[in-house]
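In the UniProt record's numbering, the protein residues as written are 1 to 401.
Below is one structure, written out as structure tokens; comments come after it.
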């Protein structure tokens with residue numbers, strides 16, 4: 001008999017949630033067959049069986065367990081798998097950590113036993129989990145009052161009314177409702193709060209003259225070549241990677257009281273997805289051409305938006321670039337993606353008056369803000385890195401290699 005445990009599907013994964021079993025309890029499974037969909041801190045992906053036999057599920061859909069905890073067993077061929085004991089509930093997080101991220105809660109969490117008694121289809125349960133919908137507050141329209149997909153997508157409250165709704169309409173804010181975050185949203189919230197609370201960061205800002213770079217982009221687009229035309233962000237990714245290769249202490253991390261230095265320069269690119277933020281990785285960005293980076297970042301962004309990004313594509317980053325320039329934001333400070341040494345915030349490229357070669361003239365300017373972990377990078381280190389990125393962007397032909 002083989003135990004199936006919660007796998008580690010990304011380098012930062014600490015626990016996972018069973019989204020959906022792809023095989024039923026008691027089914028025969030073969031090696032390499034997809035067993036279960038698991039939601040991690042980065043994405044939802046299917047996990048394949050590495051053995052064959054009869055499946056006995058111990059962790060139902062919706063269960064969150066730490067990495068290494070048993071979720072099922074697979075018996076030897078004609079011998080049924082033994083039913084494992086129920087997994088112990090994970091220990092609650094220390095109160096000090098919980099206090100770092102206060103949350104206004106309108107009602108106690110729904111007991112698991114009550115939730116299990118609700119008659120609902122598997123897809124309705126999955127959508128309810130994703131949207132934080134309490135199934136006990138819904139009236140089912142399926143056979144025998146069963147809750148179906150449409151009931152979750154267009155909910156009609158039961159006679160008892162929604163648990164999370166405030167009854168006082170006289171409030172200046174109107175009726176208040178609450179919604180449970182998805183697992184990914186909760187992890188993002190926790191890690192951003194941890195970063196702010198534990199990282200002694202400082203910020204450096206610099207203006208970059210992108211006139212030559214924008215002219216180059218225009219010429220590349222007009223040439224009509226088959227190669228992808230790099231965006232401004234692709235240029236920033238390449239410039240950052242080259243600068244990091246020259247300054248290896250910035251291509252590292254602070255972990256468990258020690259410095260880590262990485263041989264590969266892997267740039268994480270922050271991408272907004274449906275209700276979440278994902279950071280896919282461009283591996284070995286310093287060794288790739290601009291066209292290769294352009295094609296790869298476009299493909300990764302599409303996978304984020306379509307929900308098909310996989311944990312390996314969001315792991316292994318050594319530095320992060322976050323760009324809000326497309327929204328017209330001139331500058332901002334990004335939160336460091338711990339344990340990385342720094343993160344680069346990219347603002348909009350704007351035409352502004354500037355002094356160029358002794359004359360005031362319109363130039364295309366962009367603001368970069370580098371947030372650094374002071375345990376790894378000191379002020380001069382961060383300034384040197386940022387100045388090098390600026391120099392590379394202002395001479396974009398240096399990025400062509």
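Quick reminder that beta carbons are idealized off the backbone N, C-alpha and C, glycines included.
For residue 9 and residue 209, the rounded distance between their alpha carbons: 41 Å
Of all the options 51, 180, 250 and 328, which has the alpha carbon lying nearest to the alpha carbon of residue 342? 250
Residue environment, residue 197, which counts as buried when at least 16 other CB atoms sit within 10 Å: exposed
Just checking: is the beta-carbon of residue 204 within a distance shorter than 8 Å of some beta-carbon in chain B? Absent here is chain B; the protein component of the structure consists of one chain.
Three CB pairs or more closer than 8 Å across the stretch 367-381 and the stretch 328-341: yes
Inter-residue Cα distance where the pair is residue 180 and residue 129: 9 Å
Is the separation between the beta-carbon of residue 260 and that of residue 282 shorter than 8 Å? no
Bridge-paired residues (DSSP) for residue 272: 277
Measuring alpha carbon to alpha carbon, tell me which of 224, 54, 307 and 2 ends up nearest residue 23. 54
Buried or exposed: residue 200, going by 16 or more other Cβ atoms within 10 Å of its Cβ? exposed
DSSP three-state assignment for residue 315, whether helix, strand or coil: coil
Helix, strand or coil for residue 353? Go by DSSP, reduced to three states. strand
Residue 70 lies in the beta strand (DSSP E); which residues open and close that run? 70-74
Meets three-Cβ-pair contact criterion under 8 Å: the stretch 352-368 and the stretch 284-298: no
Residue 161 by DSSP, collapsed to three states: which one? Only weak support is given to the placement of residue 161: the predicted model assigns it a pLDDT of 48, under 50, and the value that follows is read from those uncertain coordinates. Note: residue 161 maps to coil in three-state DSSP.
Buried or exposed for residue 313, please, with buried defined as at least 16 other CB atoms from any protein chain shown within 10 angstroms of its CB. buried
When burial is assigned at 16 or more other CB atoms within 10 Å of the CB, is residue 238 buried or exposed? buried
Looking at the structure shown, is residue 37 part of a helix, part of a strand, or coil, going by DSSP? strand
When the Cα atoms are used, what is the spatial distance from residue 90 to residue 202? At residue 90 the pLDDT is 43, less than 50, meaning the model places this residue with poor confidence; the figure from the coordinates comes in the next sentence. Each residue's Cα considered, the two are about 36 Å apart.
Quick one: Cα of residue 174 to Cα of residue 72, how far? 46 Å
What residue range does the alpha helix (DSSP H) around residue 233 cover? 232-246
Is DSSP giving residue 282 helix, strand or coil here? strand
DSSP beta-bridge partners for residue 54? 28
Indicate the three-state DSSP secondary structure (helix, strand or coil) for residue 389 in the structure shown. helix
Can you name, in chain order, every residue of its own chain whose Cβ lies under 8 Å from the Cβ of residue 400, other than the five neighbours on each side? 289 and 290
Since residue 147 is in the beta strand (DSSP E), which residue starts that stretch and which ends it? No beta strand (DSSP E) holds residue 147; DSSP gives it neither H nor E.
Given residue 245 as reference, the closest of 213, 285 and 68 once Cα atoms are compared: 285
Can you tell me which residues form a DSSP beta bridge with residue 363? 352
Element boundaries [alpha helix (DSSP H), containing residue 218]: 211-223
What would DSSP say about residue 202, mapped onto helix, strand or coil? strand
8 Å Cβ shell around residue 377 - same chain, five flanking residues per side excluded: 249, 250, 341, 342 and 385
Please go through the same chain and pick out, in chain order, the residues whose beta-carbon is closer than 6 Å to the beta-carbon of residue 121, but skip the five residues on each side of it. 148
With a threshold of 7 Å, establish whether the CB of residue 203 neighbours any heavy atom of the ligand NAD. Within the structure as shown, the ligand NAD is missing, as the structure has no ligands at all.
Status (buried if at least 16 other CB within 10 Å, exposed otherwise) for residue 278: buried
CB contact flag (residue 233, residue 346, <8 Å): yes
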